[in-house]
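Asks: I have a structure I would like to understand better, so I am pasting it below and will then ask my questions one at a time.
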Amino acid sequence: MGTSSISEVSGGSFFFRRVLLPTGWAQDARVTTTRDGVIRDVQCNTVAAPDDTKADTVIPGIANVHSHAFQRGMAGLAEKARRNGDNFWTWREVMFRFATKLTPDDVEAIAALAYVEMLERGFNRVGEFHYLHHSGDGSRYADPAEMAKRIAAAAHETRIGLTLLPVLYTRAGFDGGALHPGQMRFISDIEEFARLVDACRRLVSSNPECVVGVAPHSLRAVTPGELHAVLKLGAGGPIHIHAAEQQLEVDECIAHLGTAPVEWLIDNADVDDRWCFVHATHITETEAVLLARSGGVVGACPVTEANLGDGIFPLEAYQTRKGVLGVGTDSNIMIGLADELRALEYSQRLAQERRNIAADGAVLSTGRVLFNAAGEGGARAMGTRWGIAAGQPADFVALDTENESLCAFEGDDLLDTFIFSSRGRVIKDVWRAGQHIVKDGSHIHRAAIAARYRKTLKALVASL
Ligand SMILES: [Zn+2]
4 MGTSSISEVS
14 GGSFFFRRVL
24 LPTGWAQDAR
34 VTTTRDGVIR
44 DVQCNTVAAP
54 DDTKADTVIP
64 GIANVHSHAF
74 QRGMAGLAEK
84 ARRNGDNFWT
94 WREVMFRFAT
104 KLTPDDVEAI
114 AALAYVEMLE
124 RGFNRVGEFH
134 YLHHSGDGSR
144 YADPAEMAKR
154 IAAAAHETRI
164 GLTLLPVLYT
174 RAGFDGGALH
184 PGQMRFISDI
194 EEFARLVDAC
204 RRLVSSNPEC
214 VVGVAPHSLR
224 AVTPGELHAV
234 LKLGAGGPIH
244 IHAAEQQLEV
254 DECIAHLGTA
264 PVEWLIDNAD
274 VDDRWCFVHA
284 THITETEAVL
294 LARSGGVVGA
304 CPVTEANLGD
314 GIFPLEAYQT
324 RKGVLGVGTD
334 SNIMIGLADE
344 LRALEYSQRL
354 AQERRNIAAD
364 GAVLSTGRVL
374 FNAAGEGGAR
384 AMGTRWGIAA
394 GQPADFVALD
404 TENESLCAFE
414 GDDLLDTFIF
424 SSRGRVIKDV
434 WRAGQHIVKD
444 GSHIHRAAIA
454 ARYRKTLKAL
464 VASL
């Protein structure tokens with residue numbers, strides 16, 4: 004288990020020359036916080052007090068709605084071509100081989116680096132879609148929550164906000180065929196899973212900021228009966244599921260259940276604003292309408308979707324229906340908020356041969372529309388609220404306005420530049436729940452966490 008040496012801070016006060024609030028950009032804002040790192044008050048157009056912590060331009064952090072932290076360690080290992088062609092399913096073979104090797108210590112070391120990178124790159128919270136439950140051959144650990152504990156420890160050490168989503172995965176596919184050896188450590192039955200969910204809740208019970216949800220892996224990996232059993236365990240928290248990532252999976256769903264996955268879920272489960280449909284890449288127009296109406300969130304992961312060759316999410320059709328959207332780093336092939344938002348917009352431009360697709364009639368800044376959407380939708384998917392406002396965690400991301408990319412810009416121009424054109428480390432400082440955890444672009448525990456990661460990864464890659 005990692006332990007933290009980040010000192011607990013007392014209440015504080017901040018002064019920001021420019022800050023993005025839920026109501027828009029504000030000037031000369033003084034923000035006071037409680038001892039627990041919660042925002043007490045925000046005053047604009049005021050003056051700084053002598054002891055205020057000062058920053059030039061501050062934006063709120065955004066939730067990373069979908070991560071498999073361990074996959075950070077295999078980033079780059081699946082970029083070699085195979086003779087018979089590559090796709091998501093051949094990538095998955097590499098992932099199984101890598102996942103089988105990981106010890107609990109390895110997972111904690113990899114997750115800690117992934118979370119450091121998230122905090123340094125604009126994310127304040129992670130939705131960890133956690134399915135690595137057992138040892139490599141599927142034998143059970145003495146503590147059923149051993150691996151979940153390691154995820155919680157990495158989150159605690161780095162101070163990233165955690166929405167922990169234990170995953171139920173019971174079968175290889177719709178036809179219930181033989182399990183791949185690489186899947187043995189994911190598989191649980193519903194009784195085991197119920198115990199795991201309880202254990203996860205106990206694990207984070209001392210941290211009111213942590214949220215525990217449930218995640219039936221996908222319609223191919225759980226039966227309809229198991230899905231309904233998982234939903235009963237949800238206890239009002241978030242519900243996340245992979246849906247319509249791959250056309251093959253959609254076709255199999257239609258063959259076995261009669262309709263495409265998103266439509267089936269909306270027809271057969273009480274889908275509401277607690278739901279996050281991860282990917283939703285291959286949804287139909289009808290599904291876009293149903294999904295938007297349900298209040299559920301699409302968890303788009305455009306960098307991973309590009310890397311895996313999944314396809315392009317129909318952003319415009321979904322936005323037109325006022326669909327809610329968050330972004331996630333999924334495979335962690337790259338980690339960065341700006342990277343995800345840029346990839347989401349660029350995929351649309353490439354497909355449609357037009358520019359500024361996400362911008363709407365009311366807000367013309369593409370960056371601002373994407374940033375706000377991912378902020379609001381991300382918080383909904385995480386079971387939290389978003390933005391710099393009283394009652395919210397004091398999560399502040401200070402941009403380096405001296406950086407050559409940003410130096411001449413303000414407001415939405417600055418946000419557009421941050422997302423589409425920033426070079427180098429443009430995030431200078433980050434406060435999470437009032438604690439100054441990124442200074443001059445680096446997480447305060449980066450050196451130790453990176454050293455542990457290097458040792459872990461070299462040994463793992465040598466063992467493959
Ligand atoms: Zn995923």
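For the sequence shown, my numbering begins at 4 and goes up steadily by one.
Each residue gets a CB set at the ideal place from its N, CA and C atoms; glycine is no exception.
Just so it is clear, the structure is predicted and the values come from calculations on it, not from any experiment.
(1) Taking the alpha-carbon positions, what's the Ala112 to Thr459 distance?
(2) I think Thr166 touches Val119, with their Cβ atoms under 8 Å apart; what is that distance to the nearest whole Å?
(3) Determine the contact status of Leu236 and Val217, defining contact as a CB-CB distance below 8 Å.
(4) Which residue from Gly164, Val292, Ala376 puts its Cα closest to that of Gly302?
(5) Quick one: Cα of Gly5 to Cα of Leu260, how far?
(6) With distances taken Cα to Cα, identify the nearest neighbour of Val441 among Ala78, Phe19, Met121.
(7) According to the Cβ coordinates, are His245 and Val281 closer than 8 Å?
(8) Does the Cβ of Leu344 have 16 or more other Cβ atoms within 10 Å, making it buried, or fewer, making it exposed?
(9) Could you please give the first and the last residue of the uninterrupted alpha helix (DSSP H) stretch that includes Gln395?
(10) Is the stretch 131 to 144 touching the stretch 182 to 192 in the sense that three or more CB pairs, one from each, lie closer than 8 Å?
(11) Would you mind working out which of Pro169, Cys256, Asn310 sits nearest Gly179, comparing C-alpha positions?
(12) Over what stretch of residues does the beta strand (DSSP E) that includes Glu131 continue unbroken?
(13) Pick out whichever of Asn406, Gly14, Arg435, Met385 has its Cα sitting closest to the Cα of Gly239.
(14) Alpha carbon to alpha carbon, how far is Asp39 from Ile9? Give it in angstroms, no decimals.
(15) Would you say the beta carbon of His245 is closer than 7 Å to some non-hydrogen atom of ligand 1?
(16) Verify whether the separation of the beta carbon atoms of Val366 and Ile62 is less than 8 Å.
(17) Residues in the same chain with beta-carbon distance under 8 Å from Ile430, minus the five sequence neighbours each way, listed in chain order, please.
(18) Could you tell me which residues DSSP pairs with Thr36 in its beta bridges?
(19) With respect to the alpha helix (DSSP H) encompassing Leu367, which residues constitute its N-terminal and C-terminal limits?
(20) Could you check whether Gly64 and Thr36 sit closer than 8 Å to each other, using their CB atoms as the reference points?
(21) Quick one: does the C-beta of His133 sit closer than 7 Å to a heavy atom of ligand 1?
(22) Buried or exposed: Gly88, going by 16 or more other Cβ atoms within 10 Å of its Cβ?
(23) Is any heavy atom of ligand 2 found at a distance shorter than 7 Å from the C-beta of His71?
(24) Starting from Cys213, trace the alpha helix (DSSP H) in both directions and tell me its first and last residue.
(25) Going by DSSP in three states, Leu171 sits in which element: helix, strand or coil?
(26) Output the boundary residues of the alpha helix (DSSP H) element that contains Gln322.
(27) Which partner residues of Cys279 appear in the DSSP bridge assignment?
(28) In chain order, which continuous runs of the alpha helix (DSSP H) of length 4 or greater are located wholly inside the stretch 137 to 210?
(29) Would you say the stretch 98 to 110 touches the stretch 144 to 163, given that touching needs at least three Cβ pairs under 8 Å?
(30) Give me the Cα-Cα distance between Thr56 and Gln30, rounded to the nearest whole angstrom.
(31) Can you tell me which of the three DSSP states Met4 falls into?
(32) Using the three-state DSSP reduction, which class does Leu294 fall into: helix, strand or coil?
(33) At which residue ranges does the stretch 419 to 445 contain complete beta strand (DSSP E) runs of 3 or more residues, listed in the order of the chain?
(34) Any contact of the stretch 42 to 52 with the stretch 82 to 101, i.e. 3+ C-beta pairs under 8 Å?
(35) Write down the C-beta distance between Glu319 and Gln351 rounded to the nearest angstrom, noting that I regard them as a contact closer than 8 Å.
(36) Tell me whether Val41, by its Cβ, gets closer than 7 Å to a heavy atom of ligand 1.
Replies: If we stick to the structure as given:
(1) 7 Å
(2) Not a contact, Cβ separation roughly 18 Å.
(3) yes
(4) Distance from the Cα of Gly302 is smallest, within the candidate group Gly164, Val292, Ala376, for Ala376.
(5) Any reading at Gly5 is ruled out, since the residue's pLDDT is 37, under 50, leaving its predicted position unreliable.
(6) Met121
(7) yes
(8) buried
(9) No alpha helix (DSSP H) contains Gln395, which DSSP labels as neither H nor E.
(10) Using a Cβ-Cβ distance cut-off of 8 Å, the stretch 182 to 192 and the stretch 131 to 144 are in contact, since at least three pairs of beta carbons, one from each stretch, lie closer than that value.
(11) Here the closest residue by C-alpha is Cys256.
(12) Under the DSSP assignment, Glu131 falls in the beta strand (DSSP E) whose first and last residues are 126 to 133.
(13) Of Asn406, Gly14, Arg435, Met385, the residue nearest in Cα terms is Met385.
(14) Because Ile9 sits at a pLDDT of 42, beneath the cut-off of 50, its placement in the model cannot be relied upon, and the point is left open.
(15) yes
(16) Val366 is not a Cβ neighbour of Ile62, given a cutoff of 8 Å.
(17) So the list reads Glu123, Arg124, Gly125, Val400, Ala401, Leu402, Asp403, Val441, Gly444, once near-sequence residues are dropped.
(18) DSSP output for Thr36 lists Ile42 as bridge partner(s).
(19) Leu367 -> no alpha helix (DSSP H), and no H or E assigned at all.
(20) no
(21) No; taking the cut-off as 7 Å, the Cβ of His133 has no heavy atom of ligand 1 nearer than that.
(22) exposed
(23) Annotation note on ligand 2: not contained in the displayed structure, which lists ligand 1 as its ligands.
(24) Taken as a continuous stretch (DSSP letters only), Cys213 belongs to no alpha helix (DSSP H), as it is neither H nor E.
(25) Strand.
(26) Following the DSSP letters along the chain, one finds Gln322 inside the alpha helix (DSSP H) bounded by residues 318 to 323.
(27) Note: Cys279 sits in a beta bridge opposite His243, Val300.
(28) 149 to 161, 193 to 206
(29) yes
(30) C-alpha separation (whole angstroms): 16 Å.
(31) In this predicted model, Met4 has a pLDDT of only 39, less than 50, meaning its place in the structure is not dependable enough to derive any value.
(32) helix
(33) 430 to 435, 438 to 442
(34) no
(35) 7 Å
(36) no
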